[in-house]
Amino acid sequence: MKKNMKWLLVSLLSLSMLLVGCSGNSKQETGGEEQPSNNTETKKDTLVFGRGGDSTSLDPITTTEGETFKVTENIFETLLEYGEQDTTLHPGLAESWEVSDDALTYTLKLRQGVKFHDGTDFNADAVVFNFNRWMSGNADDFPYYTMFGGFKGEEGHVIKEIKALDAYTVEFTLNRPQAPFLKNLAMSPFGIASPTAVEEHGDDFRKNPVGTGPFKFVEWKQNDRIVLEKNESYWMEGFPKLNQVIFRVIPENTARLNALTNGEIDLMDGVNNSDEATVTNNDQLQLIERPSMNVGYLGFTTNRPPFDNKLVRQALNHAIDKQGIIDAFYGGKAEAAKNPMPPSIEGYNNEIEDYSYDLEKAKELLAEAGYPDGFDMDLWAMPVARPYMPEGMKVAEVIQASFAEIGVKAEIQSVDWATYLEKAAKGEFDAYMLGWTGDNGDPDNFLYTLLDKDSIGSNNYSYYSNDELHHVLINAQKETEQDKRNELYKQAQEIIHEDAPWVPLVHSTPLLAGTSDIVNYFPHPTGSEALTKVEFK
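The sequence shown begins at 683 in the numbering used here and counts up one residue at a time.
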């Protein structure tokens, strides 16, 4: 019995030594050479991007809101592209372009060998198909196409004709010069879609996007996530670096930051300025600034009493303490706005004197307008954080308190983001908080797009119309000398300032945050960027 027990103990000891030898080192001894373990960690190749709101469509021409473009920039490509962090023009799906001396003919040479995600060839016919589709629509279907002065058959329509000269050459002929024409072509809404997919899906193309971009659409679970995967046939060799991108909706900025800290997401926008230190004090995270090219504003629907009265609008401009709002909610990452476009845009009129924060002056103007005791109104506040206004509801509460000081009782209202935009576009609000991130770096994209009578029903939610302003803005589009254009835009800002269809509030520097191992992410001043070069260390 003792002999058997002795052999059992020896066997157990030998087995334990063997197990220790096999498991005690991540490298294995084989034939005298050290070999790497099979347990090496694979490089991360899925990026989860947390954002405050869902897209309203995945067909970029059908909307004007930035949450759509954030995604579609990765699915679709435009004929021309902007620089990595500016709005200089570079080749996109067009490799080169020529402009006639009279600025009425644009000839673009297209990139060859490019295919849409469904295998359809990209060529001149595809470009013609897309533009004919857009110009044959209306402002309800394709609101951003108003950048080209209207639609086919309308007096203001800029594009007279577009035709394919050969398989990879397309020619635009214009009815009149349009100085920002090339910059418009690079805008996110004008991503070139697969004609085959558009014809196959019809109205459902907005849920089944097919472009030529670095990532392909996989699925969309509304108000939850959008999943994209790598386009293995992408024309840019070696890109994209990521295998998958997931856009997750997490409405609250603080909740989104918690998700980043906990490793649930890798990148987020809409960092509250009050949370900046939380990010910078965490060595696992990095704080990222988006170059500023925006305006946050309070708009008045000018065809609704009492906001059809200029004196009322001027009074409310005097009743808001912009600097107080900036000090409370922007942590020094914003400046007070006095014009509808930021100082970084050419043609900015710095000579304009802003409406001072003056409650007595506001009361005087209200009395002059026939409202000595004030009035009741609805103040609509955005339900999601935006780059130009990360804490919109809190800003609304400050404005509400200020208005109460002059007898204006503002009841704060809100609704989901898609409905908010829809109602604002239809002019259903008394006053609404919104903003704009520039699309192309041109003053036309702020003043004409947001406040010209041509844009009513698309981006001019204030339903503001001024014939003198329209004349100035159209002349500015026709003018090819930038110095002369700048003078026209300065004149336009004077008209807008006097009419006061908005209270311009802030120009912000939006903050983002990501994990410290993200590299080659270059946030764009337009608010949306392709993630083509992004990867993890």
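We put the beta carbon where it would ideally sit given N, CA and C, even for glycine.
Here's the rule: buried if 16 or more other CB atoms are within 10 angstroms of the residue's CB, otherwise exposed. What is Val1201? Flag for Val1201 reads exposed.
Neighbourhood of Ser778 by C-beta distance below 7 Å, restricted to the same chain and skipping five residues each side: Once the five neighbours on either side are set aside, the close Cβ partners of Ser778 are Lys791.
Glu845 to Trp816, Cα distance in whole Å? Reading off the sequence, residue 845 comes out as Lys, not Glu. Their Cα atoms are separated by approximately 15 Å.
Go ahead and pull the three-state DSSP assignment for Gln1095. Residue state, collapsed to three classes: strand.
Which partner residues does Lys797 have in the DSSP bridge list? Its beta-bridge partners are Asp803.
Terminal residues of the beta strand (DSSP E) in which Leu967 lies: Run containing Leu967: Leu967 to Glu971, per the beta strand (DSSP E) assignment.
Cβ neighbours of Gly706 in the same chain (closer than 8 Å, five flanking residues each side left out): Reliability fails at Gly706, whose pLDDT of 37 lies under 50, so the model's placement of it is uncertain and the value that follows must be treated cautiously. Close CB contacts of Gly706 within its chain, under the 8 Å cut and outside five residues either way in sequence, are absent.
Segment contact, 8 Å Cβ cut-off, at least three pairs: the segment 1071-1078 with the segment 1035-1042: The way I'd put it, the segment 1071-1078 doesn't touch the segment 1035-1042; fewer than three beta-carbon pairs between them come closer than 8 Å.
Kindly indicate which three-state DSSP category Ser870 falls into: helix, strand or coil? Secondary structure of Ser870 (DSSP, three-state): helix.
Between Tyr1012 and Ile1081, what straight-line distance do the alpha-carbon atoms span, to the nearest angstrom? When rounded, the distance between both Cα atoms is 15 Å.
Counting C-beta neighbours from all protein chains within 10 Å, is the total for Thr712 16 or more, i.e. buried, or is it exposed? With a pLDDT of only 31 at Thr712, under 50, the local geometry of the prediction cannot be trusted, and no value is derived from it.
Distance, Cα to Cα, Leu1041 vs Lys865? Computed Cα separation, rounded: 42 Å.
Considering only their Cβ atoms, is the gap separating Leu1213 from Val927 smaller than 7 Å? Cβ distance < 7 Å, so Val927 and Leu1213 count as in contact.
In the segment 853-917, which residue ranges form an unbroken alpha helix (DSSP H) of at least 4 residues, counting only runs that do not cross its ends? DSSP runs (the alpha helix (DSSP H)) wholly in the segment 853-917: 863-867 and 877-883.
Answer with buried or exposed for Leu761, where buried requires no fewer than 16 other C-beta atoms within 10 angstroms of its C-beta. Buried, by the Cβ-count rule.
Tell me whether Thr728 is buried or exposed, calling it buried when 16 or more other Cβ atoms sit within 10 Å of its Cβ. Exposed, since its Cβ has fewer than 16 Cβ neighbours within 10 Å.
Residue from Phe751, Val1154 and Ser956 with nearest C-alpha to Ala868: The option with the nearest alpha carbon to Ala868 is Phe751.
Since Ser1084 is in the alpha helix (DSSP H), which residue starts that stretch and which ends it? Annotation: the continuous alpha helix (DSSP H) that includes Ser1084 extends over Gly1074 to Ala1086.
Could you check the C-alpha separation between Tyr826 and Thr724 for me, to the nearest Å? For Tyr826 and Thr724, the gap between their C-alpha atoms comes out near 43 Å.
In whole angstroms, what is the alpha-carbon distance linking Pro859 and Ile841? Each residue's alpha carbon lies about 10 Å from the other.
Own chain partners of Val909 with C-beta closer than 6 Å, once the 5 adjacent residues on each side are dropped: Excluding residues up to 5 positions away in sequence, Val900, Glu901 and Ile928 lie with their Cβ nearer than 6 Å to the Cβ of Val909 in the same chain.
Would you mind reading off the limits of the alpha helix (DSSP H) that contains Arg1167? Arg1167 -> alpha helix (DSSP H) spans Gln1164 to Asp1181.
Nearer than 6 Å: is that true of the beta carbon of Ser1026 relative to any heavy atom of the ligand FAD? The ligand content of the structure shown is nil, which means the ligand FAD is not present either.
Taking 8 Å as the threshold, find out whether the segment 988-1008 comes into contact with the segment 956-968 through three or more Cβ pairs. At 8 Å Cβ cutoff, the stretches do not touch.
With distance defined between alpha-carbon atoms, name the residue in Glu780, Phe824, Lys898 and Leu856 nearest to Asp800. Shortest Cα-Cα distance from Asp800 to any of Glu780, Phe824, Lys898 and Leu856 involves Lys898.
Is it true that the CB of Leu775 sits closer than 7 Å to the CB of Leu856? Cβ atoms of Leu856 and Leu775: not closer than 7 Å.
Quick check: the segment 1088-1095 against the segment 1122-1135, are at least 3 beta-carbon pairs closer than 8 Å? The segment 1088-1095 and the segment 1122-1135 do not touch, with fewer than three beta-carbon pairs separated by less than 8 Å.
In angstroms with no decimal places, state the Cα-to-Cα distance between Ala821 and Pro891. Each residue's CA atom was taken as its position, placing Ala821 and Pro891 some 20 Å apart.
Please return the same chain residues whose Cβ sits closer than 8 Å to the Cβ of Thr746, not counting the five positions on each side in sequence. The answer, listed in chain order, is Pro825, Tyr826, Pro871, Leu1103, Ser1140 and Asn1141.
With three or more C-beta pairs closer than 8 Å as the rule, is the segment 1167-1183 touching the segment 1020-1028? The segment 1020-1028 vs the segment 1167-1183: in contact.
Helix, strand or coil for Glu958 per DSSP? In the three-state scheme derived from DSSP, where H, G and I count as helix and E and B as strand, Glu958 is classed as helix.
Are Thr1178 and Leu1133 closer than 7 Å when you measure CB to CB? Per the sequence presented here, residue 1178 reads as Ile, with Thr not at that position. Yes, Cβ-Cβ distance for Ile1178 and Leu1133 is below 7 Å.
If I measure Cβ to Cβ from Ser818 and keep anything under 8 Å in the same chain, skipping five residues before and after, which residues do I get? For Ser818, where only same-chain residues beyond five positions count, the Cβ hits under 8 Å are Phe833 and Lys834.
Who pairs with His772 in a beta bridge, going by DSSP? DSSP links His772 through a beta bridge to Glu763.
Using the beta-carbon count (16 or more within 10 Å), is Leu847 buried or exposed? Counting Cβ neighbours within 10 Å, Leu847 comes out exposed, since fewer than 16 surround it.
Hey, quick one: how far does the alpha helix (DSSP H) through Ile841 stretch, first residue to last? Annotation: Ile841 is outside any alpha helix (DSSP H); the continuous beta strand (DSSP E) that includes it extends over Ile841 to Asp848.
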